[in-house]
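Participant: In the UniProt record's numbering, the protein residues as written are 1 to 226. Beta carbons: idealized from backbone N, C-alpha and C, even for Gly. These numbers were taken from a predicted model, which means no experiment stands behind them.
1. Would you call residue 118 buried or exposed, if buried means 16 or more other Cβ atoms sit within 10 Å of its Cβ?
2. Looking at residue 224 and residue 174, is the spacing between their C-beta atoms short of 8 Å?
3. Suppose you measure from the CA of residue 236 to the CA of residue 125; what does that come to, to the nearest Å?
4. Just tell me which of 199, 207, 222 has its CA closest to the CA of residue 237.
5. Can the beta-carbon of residue 94 be found closer than 8 Å to that of residue 75?
6. Give the straight-line distance between the Cα atoms of residue 210 and residue 159, rounded to the nearest whole angstrom.
7. Considering Cα atoms alone, identify which of 21, 17, 166, 114 is closest to residue 187.
8. Flag this pair as yes or no: are the beta carbons of residue 207 and residue 153 separated by less than 8 Å?
9. Would you tell me roughly how many angstroms separate the C-alpha atoms of residue 31 and residue 85, rounded to the nearest one?
Written out as structure tokens, the structure is:
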């Protein structure tokens, strides 16, 4: 969309989704909305997600003001640099939110503790996606992020098993804490629930660091060959 558009990306994506899904398609439509400047910056930096769109996508409707940059292949060193930047930023955020969880849990503010634990997990999943693909969707649902991140390592069912109803309910509690932990009166969570989830988020952080460092090392080796 135009850079000067005042409507938020999330708001426009929601409106588009409602409009598309009102037509009764066989699968739900989840639009991805970005401003033109961001798309062109991503193309010029050779970010995989946008390169694939430019190469393989189909233009269904185009305004005269839309001009996309020509894709540029990113060097191996450029890939390593960007992956390292994402890793440093997002893993730090994930650990910061975990510290926030401990802070609020220690003060018996369990809803905000649950929200911070949710954000720690979200940041970890987005760290994995950004390091491996240079892209992460504008998405907050852990179930969707976990499914995508699982392509790069054992970070979903291996950490958050959902084989029993209790396990599923606990994962749903963590997932729903993004909204409910801040805004829903009567959001029910106790210390036992948080202890169970915290142990798994800690494991997620450790695995995230491991698989992301391995990917950055692979990129560094590729760069050294050039």
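Facilitator: Judging by the given coordinates:
1. buried
2. no
3. Outside the modelled stretch of the chain, which goes from 1 to 226, sits residue 236, for which no answer is possible.
4. Given that the chain is displayed from residue 1 to residue 226, the structure contains no residue 237 and the question cannot be resolved.
5. no
6. 14 Å
7. 114
8. yes
9. 27 Å
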